[in-house]
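*Asks:*
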Amino acid sequence: MQVLVCDSAITLNASGFPECVTGWLVADPASFSSGLTVDDFEYLAGWTILVFAIAFGVKMIRKTIEDNSNEEK
(Lines of atoms letter the chains of each structure in order from A; the text may use other names.)
(Lines give C-alpha, C1' and ligand atoms only; values in the text may rest on other atoms or scores of the structure.)
Protein backbone atom coordinates (compact mmCIF):
# COMPACT_ATOMS: atom_id res chain seq x y z
CA MET A 1 0.00 0.00 0.00
CA GLN A 2 1.25 3.48 -0.81
CA VAL A 3 0.11 6.84 0.52
CA LEU A 4 0.25 10.43 -0.66
CA VAL A 5 2.48 12.69 1.44
CA CYS A 6 3.37 16.35 1.35
CA ASP A 7 6.76 17.67 2.47
CA SER A 8 5.62 21.31 2.64
CA ALA A 9 2.51 23.36 3.45
CA ILE A 10 -0.95 22.04 2.65
CA THR A 11 -3.55 24.61 1.61
CA LEU A 12 -7.12 24.46 0.33
CA ASN A 13 -7.82 25.49 -3.25
CA ALA A 14 -10.92 27.42 -4.36
CA SER A 15 -12.92 24.18 -4.59
CA GLY A 16 -12.01 23.24 -1.01
CA PHE A 17 -9.64 20.41 -1.92
CA PRO A 18 -6.21 20.15 -0.28
CA GLU A 19 -3.18 21.13 -2.33
CA CYS A 20 0.48 20.57 -1.53
CA VAL A 21 2.64 23.60 -2.33
CA THR A 22 5.51 21.50 -3.73
CA GLY A 23 3.34 18.71 -5.13
CA TRP A 24 2.21 15.40 -3.71
CA LEU A 25 4.63 12.50 -3.30
CA VAL A 26 3.81 8.80 -3.32
CA ALA A 27 5.49 6.96 -0.45
CA ASP A 28 5.49 3.59 1.19
CA PRO A 29 4.46 3.95 4.87
CA ALA A 30 7.32 1.69 5.95
CA SER A 31 9.82 4.15 4.46
CA PHE A 32 8.99 6.89 6.96
CA SER A 33 7.83 4.94 10.01
CA SER A 34 10.18 2.67 11.88
CA GLY A 35 9.39 0.19 14.61
CA LEU A 36 10.34 0.65 18.23
CA THR A 37 13.92 -0.07 19.13
CA VAL A 38 14.80 -1.87 22.36
CA ASP A 39 15.93 1.46 23.84
CA ASP A 40 12.61 3.10 22.89
CA PHE A 41 10.66 0.25 24.46
CA GLU A 42 12.67 0.36 27.70
CA TYR A 43 12.21 4.14 27.95
CA LEU A 44 8.44 3.97 27.33
CA ALA A 45 7.96 0.95 29.61
CA GLY A 46 9.64 2.75 32.50
CA TRP A 47 7.46 5.83 32.12
CA THR A 48 4.32 3.71 31.69
CA ILE A 49 4.99 1.86 34.94
CA LEU A 50 5.59 5.17 36.73
CA VAL A 51 2.33 6.68 35.41
CA PHE A 52 0.31 3.61 36.44
CA ALA A 53 1.93 3.59 39.89
CA ILE A 54 1.01 7.26 40.42
CA ALA A 55 -2.55 6.66 39.16
CA PHE A 56 -2.92 3.68 41.51
CA GLY A 57 -1.64 5.76 44.43
CA VAL A 58 -4.06 8.59 43.70
CA LYS A 59 -6.95 6.12 43.41
CA MET A 60 -6.08 4.53 46.77
CA ILE A 61 -5.83 7.95 48.47
CA ARG A 62 -9.20 9.02 47.03
CA LYS A 63 -10.81 5.75 48.14
CA THR A 64 -9.40 6.16 51.66
CA ILE A 65 -10.66 9.73 51.90
CA GLU A 66 -14.11 8.75 50.59
CA ASP A 67 -14.32 5.81 53.02
CA ASN A 68 -13.38 8.06 55.94
CA SER A 69 -15.95 10.68 54.96
CA ASN A 70 -18.67 8.00 54.65
CA GLU A 71 -17.86 6.63 58.12
CA GLU A 72 -18.36 10.08 59.67
CA LYS A 73 -21.94 10.35 58.38
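Quick note on numbering: the sequence shown equals residues 1 to 73 in full-length UniProt numbering.
Beta carbons are placed, not taken as given, at the ideal position from N, Cα and C, and that holds for glycine.
Computed from a prediction, not measured in an experiment: that's the story for all the values here.
1. Would you mind stating whether V26 and T11 have Cβ atoms separated by less than 9 Å?
2. Is V5 near W24, with beta carbons less than 9 Å apart?
3. L25 lies in the beta strand (DSSP E); which residues open and close that run?
4. Counting along the chain, where does the beta strand (DSSP E) carrying V5 start and finish?
5. Measure the C-alpha to C-alpha separation of W47 and S34 and round it to an integer number of angstroms.
*Replies:* Let's see:
1. no
2. yes
3. Per DSSP, L25 belongs to the beta strand (DSSP E) from 25–27.
4. 3–5
5. 21 Å
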